[in-house]
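The sequence shown maps to residues -7 to 198 in our numbering.
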Amino acid sequence: MTKLDALFVEGPDDGAFINALVAKMRGLKIADSRLVRTLPDAGDAWALKAFDDYVNETKGRPDVRVGLVLDRDLPDNDKWPSVQGRLKALGLSAPAPASEGAVVDGRYGIWMWPDNVTHGTLETFVAAVLSPSPTYEFAHDVSRTARESHGAEFRERDLPKAALKVRSVWRDATAAGGYGHLVRNLEVLPDPAAAFLAWFDTLFLR
-7 MTKLDALFVE GPDDGAFINA LVAKMRGLKI ADSRLVRTLP DAGDAWALKA FDDYVNETKG
53 RPDVRVGLVL DRDLPDNDKW PSVQGRLKAL GLSAPAPASE GAVVDGRYGI WMWPDNVTHG
113 TLETFVAAVL SPSPTYEFAH DVSRTARESH GAEFRERDLP KAALKVRSVW RDATAAGGYG
173 HLVRNLEVLP DPAAAFLAWF DTLFLR
């Protein structure tokens, strides 16, 4: 990787998770190279714009690899149309999302959590790659009960995120609900992570 490589993501949870997953499964400390770029409250609009800007700034520089990772999200907020438009602008006609993600000319790549073709979020992917455990199931049940019976204010659609945040705090109460330490300290299932890691390898390591 060169110092010009950049992977734009929606927020710190994405960044910490990707850094930890690549470190655990590939033995690469990409956090040291600051490959993953985001802001505390970045969001998808920031990530999309940052990706566009960086692609434009680095045109004509074949050593640059630029990636974008964002939630595909739920059908009422599907990111595929935005991603499809960018792929078309980069020269790739994509009538539908591909399960392996998208890499254009070996230089530009886009991945949508969890697996490009399924609607979902980072948390959908995290829950899939972490080995199932009674502790996580209990965190899920506790979060659901808190919302349904005790007035917890999070949206029903965010139950998977709430459950992972609870599980995260139970693993390390000083970690502020992040996911990186879950990857570092719990078993990661290789099969659910394989497609994302293959996309990452293709874009940044080949």
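C-beta atoms are modelled at their ideal positions from N, C-alpha and C, and glycine is treated no differently.
Bear in mind that the values here come from a model prediction, so they are computed numbers and not experimental data.
| query | result |
| --- | --- |
| Near Leu27, which residues of its chain fall below 6 Å by C-beta distance, leaving aside the five closest residues on each side in sequence? | Asp(-3) and Leu(-1) |
| Using 8 Å as the Cβ pair cut-off and three pairs as the minimum, do the segment 55 to 64 and the segment 108 to 117 touch? | yes |
| Might you give, ordered along the chain, the residues of its own chain that have their beta carbon closer than 6 Å to the beta carbon of Leu20, omitting 5 neighbours on each side? | Val14 |
| Would you mind reading off the limits of the beta strand (DSSP E) that contains Gly59? | Val58 to Asp63 |
| Rounded to the nearest angstrom, what separates Phe9 and Ala90 at their Cα positions? | 22 Å |
| Give the straight-line distance between the Cα atoms of Ala185 and Phe146, rounded to the nearest whole angstrom. | 28 Å |
| Leaving out five residues on either side along the sequence, give the residues of the same chain with a beta carbon under 6 Å from the beta carbon of Arg159. | Tyr128 and Ala131 |
| Decide if the segment 69 to 84 is in contact with the segment 159 to 176; the criterion is three or more beta carbon pairs, one per stretch, under 8 Å apart. | no |
| Tell me whether Gly172 sits in a helix, a strand or coil according to DSSP, three-state version. | helix |
| Taking the beta strand (DSSP E) that Ile102 belongs to, which residues open and close that run? | Tyr100 to Trp105 |
| Let me check understanding here. Comparing Cα to Cα, which of Asp24, Ser25 and Leu31 lies closest to Pro200? | Past the boundaries of the shown model lies residue 200; the chain is included only from -7 to 198, so the question cannot be answered. |
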